[in-house]
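Residues 25 to 160 (the working numbering) are what the sequence shown spells out, left to right. Note that CB positions come from ideal geometry on N, CA and C, so glycine has one too.
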Amino acid sequence: MATPKRFQTLVQLQQREGELCQVLGNLTKLPNWFHSEFLKSPKAVHLEAWLVEAIFGPGGEHIPHVECVSHTLLHVNRWDPDGEAEILICGRPYFQKDVSKLIMNLADYHRQLRVQSSEKVQHLYEEILRRRKRGP
Numbered sequence: 025m026a027t028p029k030r031f032q033t034l035v036q037l038q039q040r041e042g043e044l045c046q047v048l049g050n051l052t053k054l055p056n057w058f059h060s061e062f063l064k065s066p067k068a069v070h071l072e073a074w075l076v077e078a079i080f081g082p083g084g085e086h087i088p089h090v091e092c093v094s095h096t097l098l099h100v101n102r103w104d105p106d107g108e109a110e111i112l113i114c115g116r117p118y119f120q121k122d123v124s125k126l127i128m129n130l131a132d133y134h135r136q137l138r139v140q141s142s143e144k145v146q147h148l149y150e151e152i153l154r155r156r157k158r159g160p
């Protein structure tokens, strides 16, 4: 198991397997729109780990903005940079649902970009091979 990477967030959360989310630090530092009971039932979203930084930027630099706009707190669990990541969404249930859909739509978009980029590289590689066969 890889060492977990810590991402930027408004409030650092921790979740051990089979336990509820906990705030690391002072509970009084929670945003005024967030209530501690929202930590009891986070919604989990699973996706490829590379998508986390594709969606939220390097080190999750856009996570605090998403949290402010959506009135949710996000906690990213990464097991392996080449494997799967889990994003826990804490907040009101309908906000959780909206953020979950947003993340999955952005994941689909970034997967499509990767496929298109891969196809372009393959096309360029084939073009180079054709030109080499023809000679100077």
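May I ask you to list the residues that DSSP assigns as paired with residue i?
{"i": "C114", "result": "L97"}
{"i": "V69", "result": "I111"}
{"i": "R154", "result": "Note: R154 sits in no beta bridge, so no partner."}
{"i": "R102", "result": "A109"}
How many Å lie between residue i and residue j at the Cα?
{"i": "H147", "j": "Q39", "result": "45 Å"}
{"i": "G81", "j": "R102", "result": "15 Å"}
{"i": "P117", "j": "Q140", "result": "35 Å"}
{"i": "E150", "j": "L54", "result": "55 Å"}
{"i": "L34", "j": "F62", "result": "15 Å"}
{"i": "L130", "j": "D106", "result": "19 Å"}
{"i": "L97", "j": "E91", "result": "5 Å"}
{"i": "H59", "j": "V76", "result": "25 Å"}
{"i": "W57", "j": "L153", "result": "59 Å"}
{"i": "H89", "j": "R156", "result": "50 Å"}
{"i": "H95", "j": "S124", "result": "13 Å"}
{"i": "R138", "j": "F119", "result": "29 Å"}
Does any residue of chain D have a CB that is nearer than 8 Å to the CB of residue i?
{"i": "A131", "result": "Among the chains of the structure shown, chain D does not appear; only one protein chain is present."}
Just mark residue i as buried or exposed, buried being the case when its beta carbon has 16 or more other beta carbons within 10 Å.
{"i": "A73", "result": "buried"}
{"i": "I127", "result": "buried"}
{"i": "E85", "result": "exposed"}
{"i": "H99", "result": "buried"}
{"i": "I79", "result": "buried"}
{"i": "V93", "result": "exposed"}
Apart from the five residues just before and just after residue i, which ones in its own chain have a Cβ nearer than 7 Å to its Cβ?
{"i": "H70", "result": "E108 and E110"}
{"i": "G83", "result": "F31 and Q32"}
{"i": "I87", "result": "F31, Q32, T33, F80 and L98"}
{"i": "H134", "result": "L75, A78 and I79"}
Sorted by chain position, which residues of the same chain lie with C-beta nearer than 8 Å to residue i's C-beta, five sequence neighbours on each side aside?
{"i": "K121", "result": "K67"}
Return the chain-ordered list of same chain residues with a C-beta closer than 6 Å to the C-beta of residue i, the five sequence neighbours on each side being excluded.
{"i": "R158", "result": "none"}
Do the stretch 135-152 and the stretch 107-114 meet, that is, are 3 or more Cβ pairs less than 8 Å apart?
-> no
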